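**Student:** Numbering (the UniProt record's numbering), first residue to last: 1 to 118.
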Amino acid sequence: MALTKNERRIRIKNRIRKVVSGTEARPRLTVFRSNKEIYAQVVNDVTGVTIAAASSRDKDIAKSKGNKTEIAALVGKTVAEKAMKAGVETISFDRGGYLYHGRVKSLAEGAREAGLKF
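1) For Lys-117, tell me which candidate among Asn-14, Ala-83, Arg-57 has the shortest Cα-Cα distance.
2) Using the rule of at least 16 other Cβ atoms within 10 Å of the residue's Cβ for burial, across every protein chain shown, is Gly-102 buried or exposed?
3) Run the CB neighbour count on Tyr-100, radius 10 Å, all protein chains shown included, and call it buried at 16 or more, exposed below.
4) Which of helix, strand or coil does DSSP assign to Ala-54?
5) Tell me the residue span of the beta strand (DSSP E) that contains Asp-94.
6) Could you tell me whether the stretch 80 to 99 touches the stretch 56 to 70, using the rule of 3 or more Cβ pairs below 8 Å?
7) Run through DSSP, which three-state label would Ala-80 get?
8) Using a Cβ-Cβ cutoff of less than 8 Å, which residues in the same chain neighbour Thr-47 once the five nearest sequence positions on both sides are dropped?
9) Using CA atoms only, rank isn't needed, just tell me which of Ile-10, Asp-58, Leu-107, Ala-86 is closest to Gly-26.
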């Protein structure tokens, strides 16, 4: 029997997480994408602490106009600025089982523009 889209994504996500983990020196930028919204977190997996987070539901981002891809770029810039304030410059990118395309790619490029190094 075939896997559902979500089961397939979770398998891919688990395969990625075997390799990608966040440390104090290089935390992990993780992405969750729903049909309407997009969320990003910078996580230190050693201590289990979220260093910075942003989403398309944040008040300043939700007010902005644009399509979902443009809003994802704003989320990337916002999470990068918050991470830079917390003292993080380099991260490892966790695409969360999604293809590196569209909104996920836009978020990553927005974070790069704001100064994060992948």
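Glycine included, C-beta positions come from ideal geometry on N, C-alpha and C.
Because the structure is a prediction, the values reported are computed rather than measured.
**Tutor:** The answer reads as follows:
1) Against the sequence shown, residue 117 aligns to sequence position 117. With distances taken between Cα atoms, Lys-117 lies closest to Ala-83.
2) Looking up residue 102 in the sequence shown gives position 102. That one is exposed.
3) Position 100 of the sequence shown, counted from the first residue, corresponds to residue 100. Label assigned to Tyr-100: exposed.
4) To locate residue 54, count along the sequence shown from 1; it is residue 54. Note: Ala-54 maps to strand in three-state DSSP.
5) Against the sequence shown, residue 94 aligns to sequence position 94. Run containing Asp-94: 92 to 94, per the beta strand (DSSP E) assignment.
6) no
7) Along the sequence shown, read from residue 1 onward, the residue named residue 80 stands at position 80. Note: Ala-80 maps to helix in three-state DSSP.
8) Start at 1 with the first residue of the sequence shown, and residue 47 comes out as number 47. Contacts found: Glu-24.
9) Counted from its first residue, the sequence shown places residue 26 at position 26. One point to set straight first is that residue 26 is Arg, not Gly, in the sequence displayed. The residue with the shortest Cα to Cα distance from Arg-26 is Ala-86.
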